[in-house]
Amino acid sequence: MGPGAEFPTGEGIQPRRTITRRHAGVAPRRSTPVLRSVVRPAEREVDEAARVLVARVTDFVEEPARRGGTGQPRGLGRQMALAALLLDREAGGGIDETLERVVDVHREAGTTTPAALRKHASEARALLHYGQAEGASLPELAATITGDARAVLREVDAVLAGLNSREILETRAKRLSGQRGGRPSSEAFRVLTMVARLKEVARGGDAKAEAELKLVRTFLLDD
664 MGPGAEFPTG EGIQPRRTIT RRHAGVAPRR STPVLRSVVR PAEREVDEAA RVLVARVTDF
724 VEEPARRGGT GQPRGLGRQM ALAALLLDRE AGGGIDETLE RVVDVHREAG TTTPAALRKH
784 ASEARALLHY GQAEGASLPE LAATITGDAR AVLREVDAVL AGLNSREILE TRAKRLSGQR
844 GGRPSSEAFR VLTMVARLKE VARGGDAKAE AELKLVRTFL LDD
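Take the position in the sequence shown, starting the count at 1, then add 663; the result is the number in this note's numbering.
So, in structure tokens, the structure goes:
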């Protein structure tokens, strides 16, 4: 359209309409940032006794390296088993409970990833339940060791060092029907857990639990 030309008008020319998504009675949508709250599952409060004992075990394990030596390498699972045995010896409560307290400390400290922590805890649990030395279970043996805290730590560590984790994990898998992770079906695992708890209570000196455990043994041995 050249200079001086008039803008065309007429019936054939319709005003251009602006297309919007606004509807009557509906406010326009605004691009506001989406705020997402991070909700963490409830976790048990980590007790100071477990935290102090885990720190003592860690210091003991790392001491050779600080002195420039090599020492014997210990995986986190073995360290957790050591801390659980010492905590059970000092505070009681049963080996399963003390192991959970030790796991809580490592979870709070972010020692490793959640998946790796579960794996190490599983190894520690196998050592504690299926490891034996001198014909006794590890909790029983740890309870008989005498001396100051440092001497007891050193001796219990020596007992754990003499165990073969791979063989113990294989033993657990065989005894629990070879299920993945060493766990039987949910129903069988529930019964096994109940018997394990009953055994721990009986070890604590509960006469009723001991009598009930004897009935369970009699039932299992009865052909």
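For every residue, glycine included, the Cβ atom is placed at its ideal position computed from N, Cα and C. Keep in mind it's a predicted model, so treat the numbers as computed, not measured.
Thinking just about the alpha-carbon of each residue, which of the options is nearest to the one in residue i?
i: G740; options: L823, E753, A865, A787; result: A787
i: S785; options: G798, L801, E771, I831; result: I831
i: A718; options: R730, Q742, P727; result: Q742
i: L858; options: G868, K871, G867, L876; result: What sits at residue 858 in the sequence shown is Val, not Leu. Measuring from the Cα of V858, the nearest candidate turns out to be L876.
i: R829; options: E726, A789, A872, V879; result: A789
i: T809; options: R730, E818, E771; result: E818
i: T721; options: A772, L826, G755; result: A772
i: L887; options: E873, L826, K871, T856; result: One cannot answer for residue 887 here, as it falls past the ends of the chain, which runs 664 to 886.
i: G825; options: E797, R880, P802, E873; result: E797
i: E726; options: R813, V879, L884, D869; result: R813
i: A754; options: V879, P802, T774; result: P802
i: V854; options: R729, V879, A870; result: V879
My understanding is that residue i touches residue j, with C-beta atoms under 8 Å, so please give their C-beta distance in whole angstroms.
i: F723; j: L823; result: In fact, because the Cβ distance is near 12 Å, the residues do not count as touching under 8 Å.
i: L745; j: D820; result: 6 Å
i: R764; j: D710; result: 6 Å
i: G738; j: H769; result: Not confirmed; about 13 Å, so no contact.
i: V766; j: L748; result: That belief does not hold up - the Cβ atoms of V766 and L748 are roughly 14 Å apart, past 8 Å.
i: A806; j: R752; result: 6 Å
Can you tell me which of the three DSSP states residue i falls into?
i: L876; result: helix
i: E786; result: helix
i: F882; result: helix
i: G756; result: coil
i: R685; result: Caution is warranted here: a pLDDT of 46 is assigned to R685, below 50, making its placement in the model unreliable, and no coordinate value can be reported.
i: D869; result: coil
i: T774; result: coil
i: D710; result: coil
i: G738; result: coil
i: R729; result: helix
i: V720; result: helix
Does any heavy atom of the ligand ADP sit closer than 8 Å to the C-beta of residue i?
i: G794; result: Among the components of this structure there are no ligands whatsoever, and the ligand ADP is therefore not found.
| task | Taking 8 Å as the threshold, find out whether the stretch 712 to 720 comes into contact with the stretch 792 to 805 through three or more Cβ pairs. | result | As far as the Cβ criterion goes, the stretch 712 to 720 does not touch the stretch 792 to 805, which means the pair count is below three.
| said: I want to know whether the stretch 754 to 761 touches the stretch 861 to 881 - three or more CB-CB distances under 8 Å. | reply: yes
- Let me know the alpha helix (DSSP H) ranges lying completely inside the stretch 789 to 845, each 4 residues or longer, listed in chain order. Secondary structure within the stretch 789 to 845: the alpha helix (DSSP H) runs of 4 or more consecutive residues, fully enclosed, are 801 to 807, 812 to 824, 828 to 838 (chain order).
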